[in-house]
Amino acid sequence: MTRHFIDLVDAGPDALRAMLDDARTRKQVRAGWPRGKPDLDRPLDGYVLAMVFEKNSTRTRVSFDMAMRQLGGTTIVMDAGSTQLGRGETVADTARVLSRYVDAIMIRTDDHAKARELAEYASVPVINGLTDQSHPCQIMADLLTIIERKGGVEGTRWAWLGDGNNVLHSIIEAGALLGFDVAAACPEGYEPNPAVVEAARRIGNRPPLLTRDPREAVAGADVVVTDTWISMGQAHAEEKLAALAPYQVTEALMGDATGDGIFLHCLPAHRGEEVVDAVIDGPQSAIWDEAENRLHAQKAVLLWCLGKL
Ligand code: CP
Ligand code: NVA
């Protein structure tokens, strides 16, 4: 069966753990090497990944490209504005055609259903590089970062502050699959999708805690996470910014986390909105390791999708 990576649940906990182990090992083995030098085993020698972008990207685009180079493969970047998909060719036809040329497809799109439809009609693996609903590759990098810093994620407590968005959805899903607690503080009207919360309740024995109180979420947290208040494709809304203002990650709030609590942010950040400089640039911040780990984690995702893990 073709292995797609649209949501973390598609892989399941055992495969997620195997990917995180492999990511950590490969990262350690090639420490200090030139970035473009392939891993010695070149496990994806000759493989090609097509990357379809319907939204902007810096990290996802470059980290997937470098991931394929390090695994011995190559990439083709397809921006929506210059493809027939952008002119209305159907997702199903695009999936069928790309499947005749390349070995895997990564898509960043505004519509989760579109990523699922691409996977339904593609005969090669499809990877979700962010949709309006989830961002599983980001959370693989976040998990790797916490494993490096704390030795594991099981039994840890993660606090989310801010908008109940795609990144939070994947964190909730990861918590249920891998056994860590998630406490999300979101204002009224900006809570996570109830279907995602319900799915997590069904998967795990640790249902996410939803609260309006940032201090309740952060109390005793090992990890504090936030993200931009206005995601790509959303209109800038003063009303939303005002509702989210009390959820800004400040030094005082970080003080409520455990003494060695770690701050994560998928980036790009809106400094001075969802987080203050003193936190994002402070000693508890792991954002640069987190960004680097997109590369290492995605190598493992690619290897799993292509049956090498
Ligand atoms: N975090 C993340 O997905 O970044 P990009 O939007 O730059 O890809
Ligand atoms: N929630 C953000 C994440 C960006 C990486 C967005 O969807 O724009």
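Here this note's numbering is used: position 126 in the sequence shown is 127, and no number is missing along the way. All residues carry an ideal CB built from backbone N, CA and C; glycine is no exception. This structure is a prediction, so every number in the text was calculated from the model and none was measured.
- In the three-state scheme derived from DSSP, where H, G and I count as helix and E and B as strand, ARG272 is classed as strand.
- In terms of Cβ geometry, TRP159 and VAL183 form a close pair [threshold 8 Å].
- In the DSSP assignment, the residues bridged to ASP182 are ARG158.
- Going by C-alpha positions, ILE140 is about 7 Å away from VAL168.
- Annotation for CYS267 indicates a beta carbon within 7 Å of some heavy atom of ligand 1.
- The three-state reading of DSSP puts ALA258 in coil, since its state is none of H, G, I, E or B.
- Going by DSSP, ASN129 is part of the beta strand (DSSP E) stretching over 127–129.
- ARG62 is positioned such that its CB atom lies no closer than 8 Å to that of LEU145.
- Within the chosen limit of 7 Å, ligand 1 reaches the beta carbon of LEU131 through at least one heavy atom.
- Shown here, VAL78 sits in a strand according to DSSP, grouped into three states.
- VAL219 is not bridged by DSSP to any residue.
- Apart from sequence neighbours up to five positions away, the residues of its chain that approach PHE6 with a beta-carbon distance below 6 Å are ILE128, VAL302 and CYS306, ordered along the chain.
- Separation of the CB atoms of VAL225 and ALA258 is rounded to 5 Å, and the pair is thereby assigned contact status at 8 Å.
- Within the region 70–151, the runs of beta strand (DSSP E) at least 3 residues long that lie entirely inside it are, in chain order, 75–80, 105–109 and 127–129.
- In this structure, the alpha-carbon of GLU118 lies about 37 Å from that of ALA222.
- Across the set SER58, TYR191 and GLN71, the C-alpha of GLN71 shows the shortest separation from the C-alpha of ALA298.
- Taking 8 Å as the cut-off, the beta carbon of THR132 is found closer than this to the beta carbon of HIS113.
- The region 262–279 makes contact with the region 229–242: 3 or more CB pairs, one atom from each, lie closer than 8 Å.
- In this structure, the beta-carbon distance from TYR191 to LEU268 does not fall below 8 Å.
- At least one heavy atom of ligand 1 lies closer than 7 Å to the C-beta of ARG62.
- Here SER286 carries a strand assignment [DSSP, helix/strand/coil].
- Taking the Cβ atoms as the reference, PRO137 lies roughly 5 Å from SER171, within the contact range of under 8 Å.
- Note: ALA51 is bridge-paired with ILE77 and ILE106 in the DSSP secondary-structure output.
- As a beta-bridge residue in DSSP terms, HIS266 pairs with THR227.
- In this structure, TYR48 keeps its C-beta atom at 8 Å or more from the C-beta atom of ALA93.
- If you draw a straight line from the Cα of ALA19 to the Cα of GLY87, it comes to about 36 Å.
- Under the DSSP assignment, LEU245 falls in the alpha helix (DSSP H) whose first and last residues are 239–245.
- Of the residues assessed, LEU17 falls on the buried side of the cut-off, its CB having 16 or more other CB atoms within 10 angstroms.
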